[in-house]
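J.: The numbering of the sequence shown is our numbering, which starts it at 209 and goes up by one.
All C-beta atoms, glycine included, are put in the ideal place defined by N, C-alpha and C.
Here it is, the structure in full.
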Amino acid sequence: MTTIQADAPVATLINVFTVEPARQAELVAALNQATEQLFVGIPGFVSANIHASLDGARVVNYAQWASPEHFQAMLQRPDAQQHMGEIMRIADNTEPRLFIVCATHSVSATTTPPAGR
């Protein structure tokens with residue numbers, strides 16, 4: 209399960225894919241399949257969340273790895289490289305970056321949410 213917390217001891221991958229809107233669902237399915245069949249078994253994998261933009265032009269993978277070293281080790285694996293090649297036959301472009309969470313904000317249970325929520 210994904211936990212988003214400032215200063216959490218994980219490396220956060222935010223990978224933004226651009227894709228033709230007609231192929232967005234195909235990309236989401238391929239990312240889901242690879243995560244379920246490959247990534248969950250790789251040492252250091254913590255979680256992944258796949259997001260599809262409402263305009264159909266982007267897919268975002270928000271994933272957590274135990275450390276940047278675990279993420280880099282995954283990139284060297286032939287099975288991960290094969291998956292990335294398959295994904296790039298669907299996606300037009302990708303922009304993977306590692307991040308740390310600096311802050312999180314939410315409406316507390318005792319706070320009245322803004323109108324419209």
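Alpha carbon to alpha carbon, what distance is there between C310 and Q289?
T.: Their Cα atoms are separated by approximately 30 Å.
J.: Just verifying my parser: in three-state terms, what is the DSSP assignment at L283?
T.: Reduced to three states, the DSSP call for L283 is helix.
J.: Could you give the distance in angstroms between the alpha-carbon of L306 and the alpha-carbon of I298?
T.: Those two C-alpha atoms are separated by around 22 Å.
J.: Are P304 and L221 touching if we call contact CB-CB under 9 Å?
T.: Closer than 9 Å, so yes.
J.: Does DSSP classify E303 as helix, strand or coil?
T.: Residue state, collapsed to three classes: strand.
J.: Please report the distance separating the alpha-carbon of I295 from that of A274.
T.: Cα to Cα, the separation comes out at about 23 Å.
J.: Here's the rule: buried if 16 or more other CB atoms are within 10 angstroms of the residue's CB, otherwise exposed. What is A390?
T.: The chain is shown only over 209 to 325; residue 390 falls outside these bounds and no answer can be derived.
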